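Student: Numbered per the working numbering, the sequence shown spans residues 433 to 614.
Glycine included, each C-beta is placed from N, C-alpha and C at the ideal position.
Source: prediction; values computed, not measured.
Here it is: the structure, laid out below.
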Amino acid sequence: MEMRHPHSPTVPPPQPPGLNSALARNITALQERQRREERRATFQDKLAGAVTAFTGSMTFVYVHLAILAVWVAINVGLVPAVPRFDRTFVILATAASVEAIFLSTFVLISQNRAAKVADRRADLDLQINLLTEHEVTRLIKLTTAIAEHLGIRESQDPTLRELERDVAPEAVLDTLERTKGD
433 MEMRHPHSPT
443 VPPPQPPGLN
453 SALARNITAL
463 QERQRREERR
473 ATFQDKLAGA
483 VTAFTGSMTF
493 VYVHLAILAV
503 WVAINVGLVP
513 AVPRFDRTFV
523 ILATAASVEA
533 IFLSTFVLIS
543 QNRAAKVADR
553 RADLDLQINL
563 LTEHEVTRLI
573 KLTTAIAEHL
583 GIRESQDPTL
593 RELERDVAPE
603 AVLDTLERTK
613 GD
């Protein structure tokens, strides 16, 4: 058990009693899927991911800042022991331009891979949402039938009849496409 000072303004977070077995299984399945996808990644995908991860870090910024500072210091004559080699900074500008081309390509490769993963997750979300909608509709029908059998007045609510209808995903998509231009 964690001991804390009696006058401490903080409170430890509540500990969950445990995950329900379905949630724990789902988390394990998703983690295993992610590990499998990482193992299946090609060398090029892994390289692009590593380059993008490094270039998106503060270490990359610091390395570039140091290189730039040394480059400028040498080429404006602040380091007398080292001869100037890029007085007009054309080499620096060219190197930076070429680097930018390659870095943007690596970023695009990584974004494309991330978009594919996001598309798969969106498809999974849609399937789960459709299944949930179907299950909720069935539960509404069953609950309404029980309420009618017991003579509960709320079972006659007209909005329940609307909720009992199954949703056709195609009709929803068609409506969204038709009204998208509005």
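Cβ atoms of G481 and S536: under 8 Å apart, would you say?
Tutor: no
Student: Go through the segment 536-585 residue by residue and report every complete run of the alpha helix (DSSP H) that reaches 4 residues or more, in order.
Tutor: none
Student: Near R519, what residues of its chain come up, given a Cβ to Cβ distance below 8 Å and the 5 sequence neighbours on each side ignored?
Tutor: N507
Student: According to DSSP, simplified to helix, strand and coil, what is E596?
Tutor: Here E596 carries a coil assignment [DSSP, helix/strand/coil].
Student: Taking only three categories from DSSP, how would you classify N507?
Tutor: helix
Student: Would you mind listing the beta strand (DSSP E) stretches within the segment 454-521 that are 3+ residues and don't spill past its ends, in chain order?
Tutor: none
Student: Answer with buried or exposed for F521, where buried requires no fewer than 16 other C-beta atoms within 10 angstroms of its C-beta.
Tutor: Looking at its Cβ environment, which holds fewer than 16 other Cβ atoms inside 10 Å, F521 is exposed.
Student: Is it true that the CB of D606 sits closer than 8 Å to the CB of H566?
Tutor: no
Student: How is V604 classed by DSSP in three states: helix, strand or coil?
Tutor: Judged by DSSP in its simplified three-state form, V604 adopts helix.
Student: When DSSP labels each residue in this structure, what does V530 get in the three-state scheme?
Tutor: helix
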